[in-house]
Amino acid sequence: MSRIAIIGAGPIGLEAALLARQLGHEVQVFEKGRVAENILDWGHVRLFSPFGMNSSEWGRASLANWLGPDALPCDNVLLTGREFADEYLIPLSQLPELAGRIHEQSQVRSISRRHFRKSDGIGAPDRGAEPFQLLIERRTFSHSVISDPFADGTHNIDDESTQAVRVRHELETHHLDEQVVLADVVLDCSGTYPHHNWFGNGGMPCQGERDGLTEAHYRLPVIRADEFGNLITLVVGSGFSAATSVVALAELARQAPRTKVLWLANSPPNPIESSGPIARVPNDPLIERDLLATKANELAAIGHFTRASSLEARNHPVVWFSDVSIKSLRPIQSCRDVDGFEIELDWSRAAGQGSNRPSGLTVDRIIATVGYRPDRSIYEELHVHECYATQGPIKLAAKLLGETSFDCLAQTSHGCDVLKNPEPNFFILGSKSYGRNSNFLLRVGIEQVREVLTSMNR
Ligand SMILES: Cc1cc2nc3c(=O)[nH]c(=O)nc-3n(C[C@H](O)[C@H](O)[C@H](O)COP(=O)(O)OP(=O)(O)OC[C@H]3O[C@@H](n4cnc5c(N)ncnc54)[C@H](O)[C@@H]3O)c2cc1C
Numbered sequence: 064m065s066r067i068a069i070i071g072a073g074p075i076g077l078e079a080a081l082l083a084r085q086l087g088h089e090v091q092v093f094e095k096g097r098v099a100e101n102i103l104d105w106g107h108v109r110l111f112s113p114f115g116m117n118s119s120e121w122g123r124a125s126l127a128n129w130l131g132p133d134a135l136p137c138d139n140v141l142l143t144g145r146e147f148a149d150e151y152l153i154p155l156s157q158l159p160e161l162a163g164r165i166h167e168q169s170q171v172r173s174i175s176r177r178h179f180r181k182s183d184g185i186g187a188p189d190r191g192a193e194p195f196q197l198l199i200e201r202r203t204f205s206h207s208v209i210s211d212p213f214a215d216g217t218h219n220i221d222d223e224s225t226q227a228v229r230v231r232h233e234l235e236t237h238h239l240d241e242q243v244v245l246a247d248v249v250l251d252c253s254g255t256y257p258h259h260n261w262f263g264n265g266g267m268p269c270q271g272e273r274d275g276l277t278e279a280h281y282r283l284p285v286i287r288a289d290e291f292g293n294l295i296t297l298v299v300g301s302g303f304s305a306a307t308s309v310v311a312l313a314e315l316a317r318q319a320p321r322t323k324v325l326w327l328a329n330s331p332p333n334p335i336e337s338s339g340p341i342a343r344v345p346n347d348p349l350i351e352r353d354l355l356a357t358k359a360n361e362l363a364a365i366g367h368f369t370r371a372s373s374l375e376a377r378n379h380p381v382v383w384f385s386d387v388s389i390k391s392l393r394p395i396q397s398c399r400d401v402d403g404f405e406i407e408l409d410w411s412r413a414a415g416q417g418s419n420r421p422s423g424l425t426v427d428r429i430i431a432t433v434g435y436r437p438d439r440s441i442y443e444e445l446h447v448h449e450c451y452a453t454q455g456p457i458k459l460a461a462k463l464l465g466e467t468s469f470d471c472l473a474q475t476s477h478g479c480d481v482l483k484n485p486e487p488n489f490f491i492l493g494s495k496s497y498g499r500n501s502n503f504l505l506r507v508g509i510e511q512v513r514e515v516l517t518s519m520n521r
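Just so you know, the numbering used here puts the end of the sequence shown at 521, numbered straight through with nothing missing.
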């Protein structure tokens, strides 16, 4: 039996926790927010892979056993993120096997090897003989009444104006407390989701981006009329998340006809396959994914900026700018609020002179769906050999870079050996194992969990 510490109660951390318990290990899961925190953040989005692909057989069997066979969604159903959390992940976390083992509001800040600094015991067996130490930061909240400003009797409590302002002073206090936990094995399942990329040229922040935008700009918002209706939204990115936002904004434009989307997205390398910014998968078996790509590409193609003078393009809610990047961004401030953004464009990548190329744009909203990257700071005291291109663990990254298909459904797990790091018994699993490569599928992560945990029991 090993003491296994799991970082993150997302789908992969939860699947790992359950299987590790079933294999007889001692398990603790540390989650910086709530169970399924990241999935819930994009809970309004429908997954394109069916439930049967997104869940393990040991998870489904345990829940069916505990709650009855009808408690689970059908294998072929496409759930939203919220439904996936409510109908599978949260019940999974409540299984008796995991009782008392999932610690929410507990963020892993750092991991090290006891008595071994980064430069000590390189490749030596005695490094692996010492346990890991995890520095956990727990956050607790308390809600307390701290004072009653009128309790000293100096105010006339019958006075109407005094009564009107009589408030109890309440304080929501955050308590931070740190703790060190020991473990024989660490599974880092902390995902990549909130650690966004930047949208400036070459992937660095453009001028003004770091100060001008907040974390919320890089997430997938719910497209509500009161937030986006009859406004101009800049969408940046050429993946399925960008496509989701563009299609939802175009739908909104039916009710709120002055809604406009300015979509900055480069064409994929093979535009004939896609004729739009989203790379379609030939004969895509995931029908919803293909429908989304087709719809987004149609919207983009009609509204390509070179067609700006055509009547069809002028009445269309989407304008697609290809081969352009953002040079700078400046929030337009009114009083204390941000009322929009001035965007300066960089056309240096586009061939020739071209017509209808604006040098700048003024927009009300920004949705920056430019991908995510792993947070490597938590394991910087450990020996992890990373790929310089993807920042994923090198052996897996090398396998993935060698794959020729860009269909993420064609991905398979590559066995336990490629998941091993120079640091013994430290594994990066789930979406974080792919680093910046966005092809990760839950099905692959579940396979990784099975391979790593069953190899430990051999
Ligand atoms: C919009 C969107 C749609 C997607 N659709 C699909 C799909 O249809 N099919 C599919 O197979 N995949 C899909 N994916 C990709 C992928 O499956 C998901 O990103 C999935 O959430 C990855 O699971 P995970 O457990 O690896 O990471 P996450 O779900 O990101 O979970 C990581 C957890 O770790 C916690 N955490 C992070 N840092 C720390 C720390 N230091 N200490 C403690 N806890 C920490 C986080 O709060 C989070 O709860 C989609 C991704 C996105 C963004």
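Every residue, glycine too, gets a C-beta built ideally from N, C-alpha and C.
Owing to the predicted nature of the structure, the values given are computational and were not obtained by experimental measurement.
Cβ-based neighbour list, residue i, same chain, cut-off 6 Å, excluding 5 preceding and 5 following
i	result
serine 65	His88, Asp247 and Val248
serine 388	Asn264 and Asp409
serine 518	Cys479
aspartate 402	Ile395
phenylalanine 503	Ser494 and Tyr497
tyrosine 256	Asn101 and Tyr435
arginine 513	none
arginine 506	Met116
leucine 250	Ile69, Ala79, Phe490 and Leu492
glutamine 270	Ser391
Span of the alpha helix (DSSP H), counted from its first residue to its last, around residue i
i	result
tryptophan 129	120-130
leucine 81	74-85
leucine 374	374-377
leucine 103	100-104
phenylalanine 114	114-117
aspartate 480	Run containing aspartate 480: none; DSSP gives neither H nor E here.
aspartate 274	272-275
alanine 192	188-192
Element boundaries [beta strand (DSSP E), containing residue i]
i	result
glutamate 160	No beta strand (DSSP E) holds glutamate 160; DSSP gives it neither H nor E.
glutamine 168	Counting along the chain, glutamine 168 falls outside any beta strand (DSSP E), and DSSP gives it neither H nor E.
alanine 68	66-70
glutamine 590	A query on residue 590 cannot be resolved here, the shown segment of the chain reaching from 64 to 521 and no further.
alanine 431	428-431
isoleucine 491	489-491
phenylalanine 93	89-93
aspartate 251	248-251
Bridge partners - residue i, DSSP secondary structure assignment
i	result
glycine 403	Ile395
lysine 323	Ile295
proline 456	Glu449
valine 514	The sequence given here has glutamate at residue 514, not valine. For glutamate 514, which the question treats as bridged, DSSP gives no partner whatsoever.
arginine 109	Thr143
threonine 369	In DSSP, threonine 369 forms no bridge with anything.
tyrosine 281	Paired residues: none, contrary to the question.
valine 243	Leu198
leucine 464	For leucine 464, which the question treats as bridged, DSSP gives no partner whatsoever.
tryptophan 383	Trp326 and His367
serine 411	Paired residue(s): none; serine 411 is not in a bridge.
leucine 424	Ile406
isoleucine 389	Gly263 and Leu408
arginine 439	DSSP lists no partner for arginine 439.
threonine 255	DSSP, once it has assigned bridges, lists no residue as partnering threonine 255.
Chain-order list of residues whose beta-carbon lies under 7 Å from that of residue i (same chain, five-residue window excluded)
i	result
alanine 148	Ala99, Ile102, Leu103 and Gly106
alanine 227	Here alanine 227 scores only 46 on pLDDT, less than 50, and its place in the model is too uncertain to base an answer on.
glycine 266	Asn260
isoleucine 406	Leu297, Ile389, Leu392, Gly423, Leu424 and Val426
glutamate 78	Ser119, Gly122, Ile509 and Val512
threonine 307	Val108, Leu283 and Leu355
asparagine 520	Leu86
leucine 239	Glu200 and Arg202
leucine 130	Pro154
Cutoff 8 Å; reference residue i; Cβ partners in own chain excluding five residues on either side
i	result
valine 447	Arg439, Pro456, Asn484, Pro485, Glu486, Phe489 and Ile491
alanine 127	Ala134 and Leu135
valine 310	Leu355, Lys358, Ala359 and Leu362
serine 338	Asn360 and Ala364
Chain C contact for residue i (CB, 8 Å cutoff)
i	result
glycine 144	Absent from the structure: chain C. Only one protein chain is present.
heavy atom of ligand 2 below 7 Å from residue i C-beta
i	result
serine 253	Absence of ligand 2 is noted for the structure shown, with ligand 1 being the only ligands found.
(Q) Three or more C-beta pairs under 8 Å: does that hold for the segment 438-449 against the segment 156-174? (A) yes
Q) Counting Cβ pairs closer than 8 Å, one from the segment 113-128 and one from the segment 139-146, do we hit at least three? A) yes
Q) Taking one C-beta from the segment 285-300 and one from the segment 341-357 each time, how about it: are there three or more such pairs within less than 8 Å? A) no
Q.
Contact between the segment 74-92 and the segment 154-163 is defined here as three or more beta-carbon pairs at a separation below 8 Å; is this criterion met?
A. yes
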